[in-house]
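Colleague:
Residue numbers (my numbering), protein chains in the order written: chain A, 61 to 174; chain B, 350 to 463.
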């Protein structure tokens, strides 16, 4: 069964450093998402992406964040200058099209900022 | 998206049916009811969705009341692997041709006991 994959599974970085989290969505999917979950808290939406541009973004997704689909298969989330409060699980998700009811989530990347 | 209310936690004996309730009294006519679950720190997993009719798939059944103000997710024969946080989400799935984000609440922690 096709699945969303994410790398790395765990990333440790120092405050102020840039990180790139990578996702490979399901191959025929057209909509892509990033969510995050701070330990013990709710899953929060960050951004959705379609047709090489951002569709929606939350208040969390400020100028420190960016997304890209560089090569038609990968979908990346970049945090330019990490803060301690960026420590969280980051989940990538994809859905087939605008009428799809299901979003398929990856296993997540645990980001630890020290 | 309409607000949902779920119990914080529930227990269920292995092999028995697990019935997870959700209240969504402010649901509007074009909003669907979705259920996702999250097994400890993994990515959320889609279970089932419905508009007004009862639905069943290989994972679960969804019973929506006639007035659509509440619903129940039924896992017919719960196993230990069904221990997870279950999220009831009410939303319009797409808007202006764009697939929309999911807004997760706190969900119900279901613990299946041996």
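Heads up, the beta-carbon is just placed ideally off N, CA and C, and yes, glycines get one too.
Going by CA-CA distance only, name the one from 454/B, 461/B and 462/B that's closest to residue 357/B.
Modeller: When only C-alpha atoms are compared, the closest one is 454/B.
Colleague: Say whether the segment 82-99 of chain A touches the segment 417-424 of chain B, bearing in mind that this needs 3 or more beta-carbon pairs closer than 8 Å, one atom from each stretch.
Modeller: No, the segment 82-99 of chain A does not touch the segment 417-424 of chain B.
Colleague: Between residue 109/A and chain B, is the shortest Cβ-Cβ distance under 8 Å, so that the two count as touching?
Modeller: No, residue 109/A lies away from the interface with chain B (no Cβ there is under 8 Å from its Cβ).
Colleague: By the criterion of Cβ-Cβ separation under 9 Å, what are the contact partners of residue 381/B in chain A?
Modeller: 161, listed in chain order.
Colleague: Locate the beta strand (DSSP E) running through residue 436/B, then write down its first and last residues.
Modeller: Taken as a continuous stretch (DSSP letters only), the beta strand (DSSP E) holding residue 436/B covers 433-440.
Colleague: Confirm, please, whether the CB-CB distance from residue 424/B to residue 360/B is below 8 Å.
Modeller: Not closer than 8 Å, so no.
Colleague: What does the alpha-carbon distance come out to for the pair residue 122/A and residue 365/B?
Modeller: Going by the C-alpha atoms only, they are around 46 Å apart.
Colleague: What residues in the segment 379-407 of chain B have a beta carbon less than 8 Å from any beta carbon of chain A?
Modeller: Flagged, chain order: 381, 383, 387, 390, 391, 392, 393, 394, 395 and 398.
Colleague: Judging by CA-CA distance, which residue of 433/B, 452/B, 459/B and 456/B is the nearest neighbour of residue 351/B?
Modeller: Answer by Cα proximity: 452/B.
Colleague: Just to make sure I have the definition right: I need the residues of chain B whose C-beta is within less than 8 Å of the C-beta of residue 168/A. Which are they?
Modeller: Correct list: 390, 391 and 392.
Colleague: Using the Cα positions of residue 116/A and residue 376/B, report the straight-line distance between them to the nearest angstrom.
Modeller: Taking the straight line from one Cα to the other gives about 22 Å.
Colleague: Leaving aside the five residues before and after residue 112/A along the sequence, list all residues of the same chain whose C-beta is less than 8 Å from its C-beta, in chain order.
Modeller: Answer for residue 112/A: 129, listed in chain order.
Colleague: So what's residue 116/A in DSSP terms, helix, strand or just coil?
Modeller: In the structure shown, residue 116/A sits in a strand (DSSP, three-state: E or B).
Colleague: Work out the CA separation of residue 100/A and residue 396/B for me, nearest whole Å.
Modeller: In a straight line, the C-alpha of residue 396/B is about 22 Å away from that of residue 100/A.
Colleague: I need the straight-line Cα distance from residue 436/B to residue 75/A, nearest angstrom please.
Modeller: Using only the alpha carbons, I get a separation of about 33 Å.
Colleague: Does the distance from the C-beta atom of residue 173/A to that of residue 137/A stay below 8 Å?
Modeller: For residue 173/A and residue 137/A, no; Cβs fall outside 8 Å.
Colleague: Taking Cβ positions, are residue 141/A and residue 171/A nearer each other than 8 Å?
Modeller: Cβ distance not < 8 Å, so residue 141/A and residue 171/A don't count as in contact.
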